[in-house]
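Working notes, beginning with the structure itself.
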Amino acid sequence: MVHILAQGNSILNQFVSELRDIEVQKDSLRFRRNMERIGEIFAYEISKHLDYKEKKITTPLGISKMNLPTSKIVNATILRAGLPFHNGILNYFDTSENAFISAHRKYHKDGSFTIQFEHLSSPDIDGKTLILSDPMIASGASMVIAYKALLERGTPEHTHIVSIISSNQGINYVKKHINMKNVTIWTGDLDDELTSKSYIVPGIGDAGDLAFGNKM
Ligand code: URA
529 MVHILAQGNS ILNQFVSELR DIEVQKDSLR FRRNMERIGE IFAYEISKHL DYKEKKITTP
589 LGISKMNLPT SKIVNATILR AGLPFHNGIL NYFDTSENAF ISAHRKYHKD GSFTIQFEHL
649 SSPDIDGKTL ILSDPMIASG ASMVIAYKAL LERGTPEHTH IVSIISSNQG INYVKKHINM
709 KNVTIWTGDL DDELTSKSYI VPGIGDAGDL AFGNKM
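Each residue of the sequence shown is one higher than the last, beginning at 529 in my numbering.
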């Protein structure tokens, strides 16, 4: 199941358009905040797919029966670009546990690159709801490496893979390389092209650099 939120009209389109806009994205504070706001929107959408149980809430005037989420959530992201997006999801799922995956592109002499996995910091994810976010699914390789690394910590009951902008190629790669049983993919928008260096076109550019500045 792949949900593409830009296929419906919502305020998300405004935030994604500001991430894409070459002028607006120069304001890194707004860029990070927009990623965070998009994380909040995804959290709200995902919340409709969690498990719920009725609970009686005592108000000053009586008892209100409300369905409240019971799923145990692990909110995971890939460093470093994922941090503001992760924080947005955490703003809504504020009692979730958190996981971080460190991976980077290792470039070879011919200009090609492979994704090097470095470090995993994660709680047990067995039987829990895993939300794995990365703002960009370009080739899809980082997402697959991150997901497989997390599976060393258990088998989630359900996984939500979330990105702000994905390429068609990246989504197909993810679908091909992971077992999609109990996995839902969410993306803000879907772009057609990838450059030879696996940047998404039209995309937004380098999300990590735009959020946090250039790296060496
Ligand atoms: N990562 C980014 O930040 N941008 C892309 O276009 C692809 C991967």
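Cβ atoms here follow ideal geometry from the backbone N, Cα and C, with glycine treated the same way. All values reported here derive from a predicted model rather than from experimental measurement.
In the structure shown, the three-state DSSP call for P597 is strand.
Positions of the beta strand (DSSP E) runs, each at least 3 residues long and wholly inside the segment 544-627, are given as 580-587, 590-597, 601-607 in order along the chain. Between G716 and S667, the C-beta gap is not smaller than 7 Å, which leaves the two residues out of contact. Judged by beta-carbon spacing, S556 lies beyond the 7 Å limit of D579, meaning their Cβ atoms are not closer than that value.
The shortest CA-to-CA distance from G733 to any of M529, F559, Y701 is the one to F559. Around the beta-carbon of I692, 16 or more other beta-carbon atoms lie within 10 Å, marking it buried. Contact annotation: I673 and F645 have beta-carbon atoms nearer than 7 Å. Residues of the same chain with a CB within less than 6 Å of the CB of N615, apart from the 5 flanking positions on each side, are E564 in chain order.
Between the ligand URA and the CB of D734, the shortest heavy atom gap is smaller than 6 Å. As the crow flies, the alpha-carbon of A631 is around 7 Å from that of I643.
In the assembly as shown, S624 is a buried residue. Its beta-carbon has 16 or more other beta-carbons within 10 Å.
Residue environment for K656: buried (at least 16 other C-beta atoms within 10 angstroms of its C-beta).
An exposed status is given to V552, since fewer than 16 other beta-carbon atoms sit within 10 Å of its beta-carbon. Per DSSP, M529 has no beta-bridge partner at all.
Taking all protein chains in view, the Cβ of M529 is surrounded by fewer than 16 other Cβ atoms within 10 Å, so the residue is classified as exposed. For S649, the enclosing beta strand (DSSP E) starts and ends at 641-649. Shown here for A669: same chain residues with a beta carbon closer than 6 Å to its own, the five before and five after excluded, namely I643 in chain order. Residue side-chain check: I728 places its Cβ nearer than 6 Å to a non-hydrogen atom of the ligand URA.
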